[in-house]
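In this note's numbering, the protein residues as written are 7 to 578.
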Amino acid sequence: MSWGTELWDQFDNLDKHTQWGIDFLERYAKFVKERLDVEQNYAKQLRNLVKKYCPKRSKDEEPRFTSCLSFYSILNELNDYAGQREVVAEEMAHKVYGELMRYSQDLKAERKHHLQEGRKAQQYLDHCWKQMDNSKRKFERECKEAEKSQISYDRLDNDINATKSEVEKAKAQFYLRTHMADESKNEYAAQLQTFNAEQWKHYNNAIPHIFKNLQDMDERRTVKLGETYRSFAEAERRVIPIVSKCLEGMVSAAKAVDERRDSSIVIESFKSGFEPPGDFPFEDFSQNLSRTGSDGTISNTPKGDRERDGAPGPRPDPKHNTSRTKNKLWLFGKKPKWSVKMAPSVEDFSHLPPEQRRKRLQQRIDELSKELQKEMDQRDALNKMKDVYEKNPQMGDPSSLQPKISETICNMEKLRSEIHKNETWLSEVEGKQSSRGDRRHSADNHHHTPQGRESPEGSYTDDTSQEHHTPHHRSGPPQPGNPNPDPHEFDDEFDDDDPLPVIGHCKALYSFDGQNEGTLVMAEDEVLYIIEEDKGDGWTRARKQSGEEGYVPTSYVEITLEKNSKGAVTYI
């Protein structure tokens, strides 16, 4: 069906319809624009979310647990998914929104051109109609004037009193008006014929052609909308394979979580390398008592021991007995806070447990070996360049490379020295671990253990019943829990370490008598050096000017730390 034949008289309505079509197309383009804005914002928010939860630490510090690695894999897949949302937005912006806006401008220009042609044709037809109407009105006036002149002539011709000249004059006027009426009639007939011809052309040629162009334009607009609808969906469909891979990657990451692997990593990370403590020996305090058969006293010495020993044993040394009380009871109980405070990190990692120290030394040796290999490669490259310069002096001065070669060789020697030093430490650690295992095995075979049990850090502790005592003070704020230090523990732990560096100073606000082991006596307004910050237990490690070290309540002192200072590291 054609608009030209069916809607020949609906020019104004077609004008409105074509304008509505363009408005609808632009409305859909606006919808697409808002949709791609949603996609872009969604992708941006996803990327910000991934960035927020991605690890900001170096690769060496990142957790190696499978659960963490799987989560990071999910974050990477989510980042790729966000990239696909950006691809969807770009496709919609380029192939849908941009195309619609360009097509809308073309439609507006084409519609304007067709409507202008229709208005011109209508104006020309109106002009022809006006000419025809004017000739018709003129013909009508001339006919009326001719009738009046005929009536006047007939009246004078029948009047006997009229003169001959008056009759001749009326006759001439009648003939003139009749001639003018005939001319007007001919002109009107010609104009009418011209108008009819133009009107036929207008409604059978001009208007159908213009309306056909408008119809083609509107149909192309409809087709373009259908194509953009398809492009809108295709933008989503094209990313489905990659989105599916992202989702599959997330599922694979979830399947990669291995609880046994994580448990083994925990063991590998925190294994100290120490042997568990041995059995407690039986301590017979009744061996020096005189026993008679009649006093009814039953010996506490096991029968097997009495038969084997044959006589009561020697009196134990009081000092030796004192050391026996310092048995470690940390296996399942709470570990005293004093025992977990370590010296600051040192070059040979001697502050770490043996297993951890071995791993750190091995890691450092590997890193130094890589650096040494780089220096060796650089030295070889410089030597080759030097040979080229010697053979082709125009390319460069060989002596200019000698300082760099010397520097590289010096760096290599330093690295070799560092590697040798770390390998020595590593051999020492491995030797201690093997000897400790041999001693442990020997002790198990002879059912004998030392008087005190060694802790994983090589220290000793008093009975755990002392853990909840608090230092006595005369005045001041409430004191924190007792650090419960032991002088023997301190000696065992830190005899081989260098003194802790000073990281600040403090002024005593109150006097403190330091009655418990490991605490430091201080007077009011006394100035002390800070060598270890408060680790959250309410105690700060300080050193007097005389060199004596110990713990003081943090609330009893006013602390001033030096800038860029680092306190001792606490290992738990």
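Where a beta carbon is used, it is the ideal one built from N, C-alpha and C, also for glycine.
If you drop the 5 nearest sequence neighbours on each side, which residues of the same chain put their C-beta closer than 8 angstroms to that of residue i?
| i | result |
| --- | --- |
| TYR209 | TRP14 |
| ALA262 | THR72, LEU75, SER76, SER79 |
| LEU81 | VAL56, TYR59, CYS60 |
| ALA203 | none |
| GLY520 | PRO477, LEU526, VAL527, MET528, GLY556, VAL558 |
| LYS62 | none |
| GLY299 | Bear in mind that a pLDDT of 47 at GLY299, under 50, signals an unreliable position, so the model cannot answer this. |
Output the distance between the C-alpha atoms of residue i and residue j, rounded to the nearest integer angstrom.
| i | j | result |
| --- | --- | --- |
| SER110 | ARG227 | 9 angstroms |
| VAL579 | LEU42 | The structure shown does not extend to residue 579, since the chain spans only 7 to 578, so no value can be given for it. |
| ALA127 | HIS185 | 36 angstroms |
| GLN585 | SER561 | Shown here, the chain extends from 7 to 578; a query on residue 585 therefore has no answer. |
| ASP112 | MET223 | 10 angstroms |
| GLU436 | GLY284 | 21 angstroms |
| ALA49 | ASN219 | 44 angstroms |
| ALA548 | PRO360 | 28 angstroms |
| GLY553 | GLU568 | 19 angstroms |
| ILE536 | HIS511 | 5 angstroms |
| GLU225 | LEU84 | 43 angstroms |
| GLN129 | ARG236 | 43 angstroms |
| ILE509 | ASN294 | 54 angstroms |
| ALA349 | HIS357 | Caution applies to ALA349, whose pLDDT of 42 falls short of 50 and renders its modelled position unreliable; the model cannot decide the point. |
| ASN47 | LYS36 | 17 angstroms |
| HIS370 | SER278 | Sequence inspection shows Arg at residue 370; the His mentioned does not correspond to that position. Between ARG370 and SER278, the C-alpha separation is close to 18 angstroms. |
| MET256 | ARG266 | 20 angstroms |
| ASP86 | TYR34 | 29 angstroms |
What residue range is occupied by the uninterrupted beta strand (DSSP E) comprising residue i?
| i | result |
| --- | --- |
| PRO4 | Absent from the model: residue 4. The displayed extent of the chain is 7 to 578, so no value can be given. |
| ARG549 | 545–549 |
| LYS513 | 510–514 |
| THR566 | 563–567 |
| TYR557 | 555–559 |
Mind reading off the beta-carbon distance from residue i to residue j? Whole number of angstroms is fine, and I expect it under 8 angstroms.
| i | j | result |
| --- | --- | --- |
| SER141 | TYR103 | Incorrect: roughly 58 angstroms between the Cβ atoms, too far for contact. |
| LEU378 | ILE425 | 7 angstroms |
| SER158 | ALA176 | 5 angstroms |
| LEU432 | GLN368 | 6 angstroms |
What is the residue span of the alpha helix (DSSP H) that residue i lies within?
| i | result |
| --- | --- |
| TYR535 | Note, TYR535: premise wrong, no alpha helix (DSSP H); beta strand (DSSP E) at 533–538. |
| ASN164 | 104–164 |
| TYR59 | 17–59 |
| ALA387 | 360–397 |
| LYS1 | Because residue 1 is not part of the residues shown, which for the chain are 7 to 578, the question remains open. |
| TYR194 | 170–207 |
| THR228 | 213–261 |
| ARG266 | 265–276 |
Suppose the cutoff is 6 angstroms on Cβ atoms and the five residues either side in sequence are ignored; what does the same chain contact list for residue i look like?
| i | result |
| --- | --- |
| ALA241 | VAL94, GLU97, MET98 |
| LYS22 | none |
| HIS454 | Reliability fails at HIS454, whose pLDDT of 40 lies under 50, so the model's placement of it is uncertain and the value that follows must be treated cautiously. Closer than 6 angstroms at Cβ, skipping near neighbours: no residue. |
| PHE238 | VAL102 |
| LYS191 | PHE145 |
| ARG125 | none |
| PRO404 | LYS392, TYR395, GLU396 |
| ARG183 | GLU151, ALA152, SER155 |
| ARG70 | ILE271 |
| ARG117 | THR24 |
Leaving out the 5 sequence neighbours to the left and right, which residues in its chain are closer than 7 angstroms to residue i when beta-carbon positions are compared?
| i | result |
| --- | --- |
| TRP135 | PHE201 |
| LYS39 | TYR103 |
| ASP531 | LYS513, ALA514 |
The segment 406–414 in contact with the segment 371–389 per 3-pair CB rule at 8 angstroms: yes
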